[in-house]
Amino acid sequence: MASGILGTASSALLSFQRALATTGHNIANVNTDGFSRQRVDLSTQTPNSSGAGFIGNGVQIDGVQRSYDDFLERELRSSIGARDSSRTYAEFASVVDNLLADPNSGLSPALQNFFDSIQQVADDPTAIPARELMLSEAESLVASFRHIDGELDGLRERIGIEFRNQVAEINDLADSIASLNEDIALAFGSGTGQPPNDLLDQRDQLVLKLSEKIGVTTLEQSDHTLNVYIGNGQPLVVGQKAGSLSVQRNSLDSQQLDIAFSFGGGGSSLITDKISGGSLGGIIEFRKQVLDPSQNRLGQIAVSLAETFNAQHRIGQDLDGNPGSSLPDFFAVTDPNDQVFSNLTNAGSSSLDVAFDTATIDQLTADEFRLSYNGGTWTLENLTSGATDTITPGTTFTGHGLNIDLSVTGTAVDGDSYLLRPTRQGGNGIAANITNPREIAAAAPVRIDGQTSGTGIPTNTGSGEFSSGTVTGSLPALPITLTYDDTTIPPFFSGGGYSFDYDPTSQSGDTFTAADTGISGLEFTISGTPANTDQFVISANSGGGGDNRNALALAGLQTDRTMNNASASFQDSYGQMIADVGVKTRRAQTLATTQSNLANQAQARHDAVSAVNLDEEAAELLRWQQAYQAAAQVVTISDTIFQTLLQATGR
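Read left to right, the sequence shown gives residues 2 to 652 (the numbering used here).
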């Protein structure tokens, strides 16, 4: 009987000692990231059979289990990945939002100051200080474009650094998870059948850290190893082997960095567009939704401004009477060919030349295009809208504000392609060309006057008047003398090979364009009633230094709808750009706050099951201590009984 009592007490002492050790282990790891509290599972030992029935034989330890819920663990990983993705996106987007909307360094004040200075030239076209101010403001405008573009390029470089850092951390985590998989498989295979709780916690913590970097899914295998997948199913960790990520240059655009995946020594494949979740996913999404469109749209505004302004400046006349077409363009424009990228895998012999089309520059977009050859056809695809155009080699394709010339000197091969980003470098490529204030073409090159005698005395007798005229393009040979004839119905002007109707009863005050008169590059307003045979002379504006008509036309470009298919001005387009980035930033910030709250809630639910609670552990410690003391008392009683038996037999 004594040995039975002693055995029962000994089993209790051993079990309660292990329970105390486990509780102490919990307390020791209260601040260990990823640690799940553990508990000892106890059960009765097999009882001894006797004539009086089965007699208990003490307690045994079945195992040590961790407090773990797979659903809560997966929920936490998912919410952490979503939180860090939205948080990273919002942080980067806020930088662009603040940059574009800055009242001091943003583009809006520079645009306003530039066009204000043009108006000052229009107010006094012979004033050299006003002209010098206009050139100075043009330089400031260019500096604003370049500053914003430079900041966006800086963000692009920062993304490249983040790519490399994040990829290195992801690879390290993948290697560590694979190594722990090996240790865990060995532990489970040791024959005890008991889970290596601390190793499992360490692996779960590494997967959680991985989810902060990139979205992951997991699948536990029969040997208790954990496979980890990224993107749309790429196996980052399979059993005891880990794949790897790398940073590579895009085959179409060597300036763009992409994420590539490889496993087991095989070839790599680009998975940038497949990555979501985590801080890396947030960076990729920011580049795609905010950075690339913003830089393209900034370039679109710069190119549209430069091309439109240059076109108007060319049809003016400078202070010395030189036509604007003989002067340098007011603004230099980026060469779109600098952003045409031939696929590194192209096997055919083709070349591409791209130029901005001034005549359709209002159709220029911030979109990117892919030109590809398949099945005997070259197709230009808008990567934003998906719209396509067919391009024939040897002809000029005009569209989207571009002229595209495709030459095939040999044979094109299926799969050959080009990437076109016409406006990407527009903000950096704009420059102010004119440095001499006298070369500002503020005057119009023509004037329209009533006929005069040899002594300068007007000879017209009617009340008809022509406006000074607005030059809209290339002019015909001058002078042109128009003679009015009111002997027919309707009355008309003719001369110089041109003829057009003018009825003062219904057309006085109307503007006549080149389409109305046939006189190319010129429009004017006619008012009043000319007398029969009254003449008006369209001539070169010699000595027109005080003329401000082209300066007024240049100033009017500020509000003219010259962008987005003639639906927006430069300021409108920039304002829309700010608004779009602002909306995306506010949305990202709101989402980041929401995802942070959801992550906190998921963490709380997870911790309620797995985290160490010192109050609970203190109670457990007291519980097991009391049980241990009681078992020790049983040992004492067993010893007393044994001594009593010895004394009885000794007599």
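Quick reminder that beta carbons are idealized off the backbone N, C-alpha and C, glycines included.
Rounded C-beta distance between residue i and residue j? I'm assuming under 8 Å.
i    : j    : result
K214 : G279 : 5 Å
L153 : S305 : Not confirmed; about 18 Å, so no contact.
E621 : T33  : 18 Å between Cβ atoms; not a contact.
M578 : L101 : 7 Å
S177 : I81  : S177 to I81, Cβ: 18 Å. No contact.
Y503 : G519 : Going by Cβ atoms, the distance from Y503 to G519 rounds to 13 Å, so no, they are not a contact pair.
F287 : F93  : 4 Å
Q364 : L558 : At roughly 17 Å, the Cβ-Cβ gap does not stay under 8 Å, so Q364 and L558 are not in contact.
G522 : I362 : Not confirmed; about 18 Å, so no contact.
A632 : L200 : Contact flag wrong, Cβ pair sits at about 31 Å.
L384 : P394 : L384 to P394, Cβ: 22 Å. No contact.
G428 : A303 : 5 Å
Who does residue i pair with in a DSSP beta bridge?
i    : result
S270 : F262
A541 : V447
D354 : D406
I527 : F467 and D511
E382 : R371 and T389
L421 : V341 and F370
M564 : A569
P459 : T453
V472 : L523
Where does the unbroken beta strand (DSSP E) through residue i begin, and where does it stop?
i    : result
P236 : Q235 to V239
T218 : V217 to E221
D502 : Y499 to D502
V341 : V341 to S343
G496 : F493 to G496
For residue i, which of helix, strand or coil comes out of DSSP?
i    : result
R67  : strand
V96  : helix
S191 : coil
F72  : helix
P438 : helix
I56  : strand
P324 : strand
T410 : coil
Y485 : strand
Q249 : strand
Q536 : strand
M2   : At M2, the pLDDT of 39 sits below 50, so the modelled position is not reliable; the number obtained from the coordinates is stated separately. M2: coil per DSSP, three-state reduction.
T45  : strand
R165 : helix
F398 : strand
S37  : coil
G82  : helix
V635 : helix
F331 : coil
V143 : helix
S11  : helix
A348 : coil
Q257 : coil
Using a Cβ-Cβ cut-off of 6 Å (strictly less than) and excluding sequence neighbours within five positions of residue i, which residues of its own chain qualify?
i    : result
T462 : A532
R422 : Q340 and E369
A3   : Only weak support exists for where A3 lies, its pLDDT of 41 falling under 50; the coordinates are left without a value.
L108 : S145 and Y575
N198 : Q39 and R67
F398 : I392 and I405
A478 : none
Q120 : A556
Could you pull out every residue in the same chain whose Cβ sits closer than 8 Å to the Cβ of residue i, ignoring the five residues on either side in sequence?
i    : result
D224 : A186, F189, G190 and G240
F115 : M135, E138, A139, S141 and L142
W625 : F17, A20, L21 and T24
L615 : I28 and V31
Where do the ends of the alpha helix (DSSP H) carrying residue i lie?
i    : result
Y575 : F571 to S611
F115 : L108 to D124
L555 : R550 to G557
A304 : It should be noted that the sequence gives Val, not Ala, for residue 304. It spans D293 to R315 - the alpha helix (DSSP H) in which V304 sits, taken as one unbroken run.
I285 : G279 to F287
N228 : Per DSSP, N228 belongs to no alpha helix (DSSP H); it is in the beta strand (DSSP E), L227 to I231.
M427 : In the sequence under discussion, the amino acid at residue 427 is Gly, which differs from the Met named in the question. G427 -> alpha helix (DSSP H) spans G427 to G430.
V208 : N198 to K214
With a threshold of 7 Å on Cβ separation, who are the neighbours of residue i within its own chain once the five nearest residues in sequence on each side are excluded?
i    : result
R19  : V41 and I62
K242 : A179 and G265
V610 : S68, D70 and L73
N542 : Q318, A444, A445, P446, V447, R448 and D548
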